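In order, the protein sequence lines correspond to chains S and V.
Here the numbering used here runs 2 ahead of the position in the first sequence, where the first position is 1.
Here the numbering used here runs 2 ahead of the position in the second sequence, where the first position is 1.
Glycine included, C-beta positions come from ideal geometry on N, C-alpha and C.
None of these values were measured; they are calculated from a predicted model.
Following: one structure in structure tokens, then a few remarks.
Protein chains: 2
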Amino acid sequence: MLLGERVNEGPFDHVTIDNVAASRGVIAHLAGLGRQRIAAIGDQPYETGETAQFRTQGYLEGLEIACLPADRRLIVPASRFHREAGAQAMRQLLELRNPPDAVFCYNDLLAAGAIRVLLAAGLRVPEDVAVAGFDDIEEGHYSTPTLTSLAPDKRRIAAMAVEQLFRRLEGAADDPRVLQAPFELQARESTLGRATPATPS
Amino acid sequence: MLLGERVNEGPFDHVTIDNVAASRGVIAHLAGLGRQRIAAIGDQPYETGETAQFRTQGYLEGLEIACLPADRRLIVPASRFHREAGAQAMRQLLELRNPPDAVFCYNDLLAAGAIRVLLAAGLRVPEDVAVAGFDDIEEGHYSTPTLTSLAPDKRRIAAMAVEQLFRRLEGAADDPRVLQAPFELQARESTLGRATPATPS
Numbered sequence: 003m004l005l006g007e008r009v010n011e012g013p014f015d016h017v018t019i020d021n022v023a024a025s026r027g028v029i030a031h032l033a034g035l036g037r038q039r040i041a042a043i044g045d046q047p048y049e050t051g052e053t054a055q056f057r058t059q060g061y062l063e064g065l066e067i068a069c070l071p072a073d074r075r076l077i078v079p080a081s082r083f084h085r086e087a088g089a090q091a092m093r094q095l096l097e098l099r100n101p102p103d104a105v106f107c108y109n110d111l112l113a114a115g116a117i118r119v120l121l122a123a124g125l126r127v128p129e130d131v132a133v134a135g136f137d138d139i140e141e142g143h144y145s146t147p148t149l150t151s152l153a154p155d156k157r158r159i160a161a162m163a164v165e166q167l168f169r170r171l172e173g174a175a176d177d178p179r180v181l182q183a184p185f186e187l188q189a190r191e192s193t194l195g196r197a198t199p200a201t202p203s
Numbered sequence: 003m004l005l006g007e008r009v010n011e012g013p014f015d016h017v018t019i020d021n022v023a024a025s026r027g028v029i030a031h032l033a034g035l036g037r038q039r040i041a042a043i044g045d046q047p048y049e050t051g052e053t054a055q056f057r058t059q060g061y062l063e064g065l066e067i068a069c070l071p072a073d074r075r076l077i078v079p080a081s082r083f084h085r086e087a088g089a090q091a092m093r094q095l096l097e098l099r100n101p102p103d104a105v106f107c108y109n110d111l112l113a114a115g116a117i118r119v120l121l122a123a124g125l126r127v128p129e130d131v132a133v134a135g136f137d138d139i140e141e142g143h144y145s146t147p148t149l150t151s152l153a154p155d156k157r158r159i160a161a162m163a164v165e166q167l168f169r170r171l172e173g174a175a176d177d178p179r180v181l182q183a184p185f186e187l188q189a190r191e192s193t194l195g196r197a198t199p200a201t202p203s
């Protein structure tokens with residue numbers, strides 16, 4: 003039984019979310035706010051980077067749906083999903099002649115690093131650059147600005163995993179399954195601005 | 003072998019830092035910046051709260067050294083050291099007729115919650131209220147403002163623990179030891195303001 007990510011079509015049952023659809027949803031949110039140059043931080047264009055590649059696919063599909071042009075310079079890979087990688091990628095994006103007005107980060111730690119670099123450079127989040135993350139970790143509920151993030155339904159993931167384990171324990175011998183849990187975009191200050199409720203949610 | 007905290011004078015070797023002295027140092031820093039009403043978040047006035055009690059002791063001693071009066075209303079307990087506890091404690095402090103101009107939080111998660119409440123209330127950190135934490139976790143290196151924090155020397159703690167384990171493995175049978183590792187106050191934007199270097203450190 004595999005929870006979350008890494009290998010698809012492996013020999014195990016696998017509970018995950020539809021990363022392509024989830025990422026399309028993030029881009030729809032940013033495009034809906036009028037952003038025109040949306041960057042992506044976290045691509046992993048190599049064998050073990052399937053999850054990241056799904057998010058890049060959703061990012062590109064989301065741009066197409068929103069009738070926004072894709073610009074390869076706006077896709078910055080990150081081999082590790084931690085804060086310093088997000089900071090480095092954001093510095094690289096700010097060096098572009100035409101920097102982004104929004105950034106989709108493939109997890110919340112990358113987003114924390116990216117936001118730090120933006121604010122330290124004197125830019126405003128989200129007025130100058132909107133930032134969205136992925137995972138919906140607690141840190142982003144308390145940061146300033148609070149972080150917009152794609153929230154996988156962790157309760158359902160756990161419940162589906164336990165359910166499938168029971169099926170196996172009861173003898174079900176069909177092929178490994180990929181089960182998809184629901185998700186939700188939690189829109190907060192890092193894309194919506196400070197007009198949202200002031201207390202942590 | 004015990005690392006960090008909870009029980010002192012137990013039947014184990016114990017590597018820790020001098021929590022009283024460390025906390026005095028935090029108060030000296032805040033008082034040195036001219037703060038007059040320094041609050042403390044995280045007291046645990048019950049048997050399992052020894053570490054917190056040492057920090058409260060250091061807080062009170064630090065006030066005395068700085069010739070600042072102690073005010074029991076400025077000491078807010080927290081049974082768990084997480085973000086929401088820090089947020090709740092800060093809300094309570096803001097309801098005082100004479101709220102604090104600085105807050106010493108007994109860990110960095112409490113500080114993150116406290117800062118969120120201050121900023122959401124429209125107060126500035128540190129101009130209106132300076133905030134210091136304890137532990138020096140990475141989150142505070144990237145938050146805005148970056149977090150001033152008491153940093154135990156984690157490398158030395160690990161090295162001292164391994165050294166002492168080897169002593170025991172080689173047969174040393176003397177009484178359990180309490181070994182104290184060094185620490186350092188990492189002063190950042192949450193007490194110093196934004197004049198500090200803009201890049202994460």
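At a Cβ threshold of 8 Å, is SER145 of chain V touching chain S?
yes
Which listed residue (V:ALA114, V:PRO128, V:ARG169) has its alpha carbon closest to that of GLY142 of chain S
V:ALA114
Whose CA, out of V:ALA33, V:ASN21, V:PRO13, lies closest to the CA of ASP155 of chain V?
V:ASN21
With a Cβ-Cβ cutoff of 8 Å, do ILE43 of chain V and VAL78 of chain V count as a contact?
yes
Going by beta carbon distance, what residues of the same chain come within less than 6 Å of THR198 of chain V, once the five residues before and after it are set aside?
Confidence at THR198 of chain V is low in this model, with a pLDDT of 48, below 50, so its placement is unreliable and the value that follows should be read with caution. Cβ neighbours of THR198 of chain V beyond the five flanking positions: GLU191.
For ALA134 of chain S versus LEU32 of chain S, is the C-beta distance shorter than 8 Å?
yes
Contacts that ALA114 of chain S makes with chain V (C-beta to C-beta distance below 7 Å):
TYR144
Would you say GLU140 of chain V reaches chain S, if we count a Cβ-Cβ gap shorter than 8 Å as a contact?
yes
Distance check for GLN166 of chain S and GLN59 of chain S, CA to CA, integer angstroms please.
28 Å
Keeping to the same chain, check which residues put their C-beta closer than 7 Å to that of PRO13 of chain V; ignore five residues upstream and five downstream.
PRO178
How many angstroms separate the CA atom of ILE139 of chain V from the CA atom of ALA89 of chain V?
18 Å
Excluding five sequence neighbours on each side, which residues of the same chain lie with their C-beta closer than 7 Å to the C-beta of ARG37 of chain V?
ASP103, ALA104, ALA132
Given that ARG85 of chain V touches chain S, what residues does it touch there, using C-beta distances under 7 Å?
GLU140, TYR144
For LEU121 of chain V, go through chain S and note every residue whose CB falls closer than 7 Å to its CB, in chain order.
THR146
Given a cut-off of 8 Å on the beta-carbon distance, is the pair GLY188 of chain S and THR146 of chain S in contact?
Looking at the sequence itself, residue 188 of chain S is Gln, so the reference to Gly does not match. Cβ atoms of GLN188 of chain S and THR146 of chain S: not closer than 8 Å.
Got a sec, what are the start and stop residues for the alpha helix (DSSP H) PHE168 of chain V sits in?
156-171
Pick out the complete beta strand (DSSP E) segments inside the region 90-114 of chain V, 3 residues or longer, and give them in chain order.
104-107
Please classify GLN55 of chain S: does DSSP put it in a helix, a strand, or coil?
helix
So the alpha helix (DSSP H) GLU191 of chain S belongs to, where does it begin and stop?
191-194
Quick test of your reading: ASP137 of chain V and ASN100 of chain V, contact by CB under 8 Å. State the CB separation rounded to the nearest angstrom.
Contact doesn't hold; Cβ gap of about 29 Å is too wide.
Residue interval of the alpha helix (DSSP H) (run including HIS143 of chain S)
141-144
So TYR144 of chain S and ARG85 of chain V are in contact, right, with Cβ under 8 Å, and what is the actual spacing, rounded?
5 Å
For ALA30 of chain S and ALA68 of chain S, believed in contact at Cβ under 8 Å, the rounded distance
7 Å
Look at the alpha carbon of PHE56 of chain V and the alpha carbon of PRO128 of chain S, and state the distance between them as a whole number of angstroms.
42 Å
Which runs of the beta strand (DSSP E) spanning at least 3 residues fall entirely within the region 54-89 of chain V, listed in chain order?
77-79
If you draw a straight line from the C-alpha of SER203 of chain S to the C-alpha of VAL119 of chain S, how long is it?
Caution is warranted here: a pLDDT of 47 is assigned to SER203 of chain S, below 50, making its placement in the model unreliable, and the coordinate value is therefore given only provisionally. Each residue's alpha carbon lies about 25 Å from the other.
Could you give the first and the last residue of the continuous alpha helix (DSSP H) run that contains VAL28 of chain S?
21-34
Please list the terminal residues of the continuous beta strand (DSSP E) segment that includes GLY44 of chain S.
40-45
Can you give me the C-alpha to C-alpha distance between LEU4 of chain V and ALA160 of chain V, rounded to a whole angstrom?
11 Å
Give me, in chain order, the residues of the same chain whose beta-carbon lies closer than 6 Å to that of PRO47 of chain S; leave out the 5 immediate sequence neighbours on both sides.
none
Are ILE40 of chain S and LEU62 of chain S touching if we call contact CB-CB under 8 Å?
no
Exposed or buried, which one is VAL28 of chain V when buried takes at least 16 other CB atoms within 10 Å?
buried
Could you name the residues that DSSP lists as bridge partners for ALA134 of chain S?
S:PHE106, S:THR150
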